[in-house]
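> Position 60 of the sequence shown, counted from 1, bears residue number 60 in the UniProt record's numbering, the numbering being contiguous throughout. Using N, Cα and C, we set each Cβ at its ideal position, and we do this for glycine too. Computed from a predicted structure; not experimentally measured. Have a look at the structure that comes next, please.
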Amino acid sequence: MRPSYTSEITEPLQELNLREETTASTRDISPTKPRRVSFSKYSTRRVYTCEPRYEERKSYTSVDRKIFRREAAHDALAMKCLVSSCNVPTGLAVQQLMKRGLLTREQLLGIEHLVSVNAEEALRKRQSYIKLVLDMQEQMREKNDNKVNAGMLAAVAIAKSTRMIEKARLRAALAF
């Protein structure tokens with residue numbers, strides 16, 4: 001018979017407490033004995049001074065993050081207008097703009113989905129994917145007395161994801 005969960009937790013804790021008590025009693029802890037630290041004669045010591053400018057700027061504030069998001073959205077809108085001004089599909093337009101030096105990979109990094117002329121369609125596809133998985137989960141719960149077969153659900157999600165990944169790879173190949 002398997003021991004209960006509480007005994008699995010309390011037994012190691014009791015063991016630990018006993019060990020601490022025995023080691024504390026065998027150690028010589030006296031306040032009169034000074035503690036010492038020694039260093040090798042080959043060791044070096046490097047002291048870093050705290051720079052106020054670094055301390056102020058070592059992390060971003062919520063205001064900074066809002067500014068970054070606003071700038072990214074503004075840049076993406078400008079790039080989207082630039083891409084939509086070309087009379088070719090998004091991937092080819094991006095390629096042409098990069099060849100002319102009007103866009104760089106660094107500018108596109110992280111905001112490719114915002115630059116796409118078909119961003120609304122991409123959003124709709126993501127939402128349909130989520131809906132498909134959730135609907136399948138609900139159907140399984142209805143059929144199987146509120147139980148979900150995780151393997152089948154994963155198979156559905158993977159099949160849909162695989163198709164989406166292949167399409168994304170094709171788009172990326174066209175863009176770069």
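#1: Alpha carbon to alpha carbon, what distance is there between residue 63 and residue 2?
#2: Rounded to whole angstroms, what is the Cα-Cα separation between residue 148 and residue 69?
#3: From 66, 153 and 126, pick the residue whose C-alpha is nearest to that of residue 137; which is it?
#4: Under DSSP, the alpha helix (DSSP H) around residue 81 begins and ends at which residues?
#5: Give every residue of the same chain whose Cβ lies closer than 6 Å to the Cβ of residue 82, excluding the five residues on either side of it in the sequence, and list them in chain order.
#6: Per DSSP, what kind of secondary structure is residue 126 in: helix, strand or coil?
#7: Hey, could you find the ends of the alpha helix (DSSP H) residue 53 is sitting in?
#8: In terms of residues, what are the limits of the alpha helix (DSSP H) holding residue 91?
#9: Leaving aside the five residues before and after residue 103 along the sequence, list all residues of the same chain whose C-beta is less than 6 Å from its C-beta, in chain order.
#10: Please report how far the alpha carbon of residue 135 lies from the alpha carbon of residue 55, in whole angstroms.
#11: Given that a residue counts as buried once 16 or more other Cβ atoms are within 10 Å of its Cβ, and exposed if not, what is residue 108?
#12: Reducing DSSP to helix, strand and coil, say where residue 165 ends up.
#13: Could you give the DSSP three-state label for residue 131: helix, strand or coil?
A quick look at the data gives this:
#1: Below a pLDDT of 50, predicted positions are generally treated as unreliable, and residue 2, at 49, falls in that range; the measurement from the model is reported next regardless. For residue 2 and residue 63, the distance between alpha carbons rounds to 55 Å.
#2: 39 Å
#3: Here the closest residue by C-alpha is 153.
#4: From DSSP, the alpha helix (DSSP H) with residue 81 extends over 62 to 84.
#5: none
#6: helix
#7: 52 to 57
#8: Start and end: 90 to 99.
#9: Apart from sequence neighbours up to five positions away, the residues of its chain that approach residue 103 with a beta-carbon distance below 6 Å are 97, ordered along the chain.
#10: 50 Å
#11: buried
#12: helix
#13: helix
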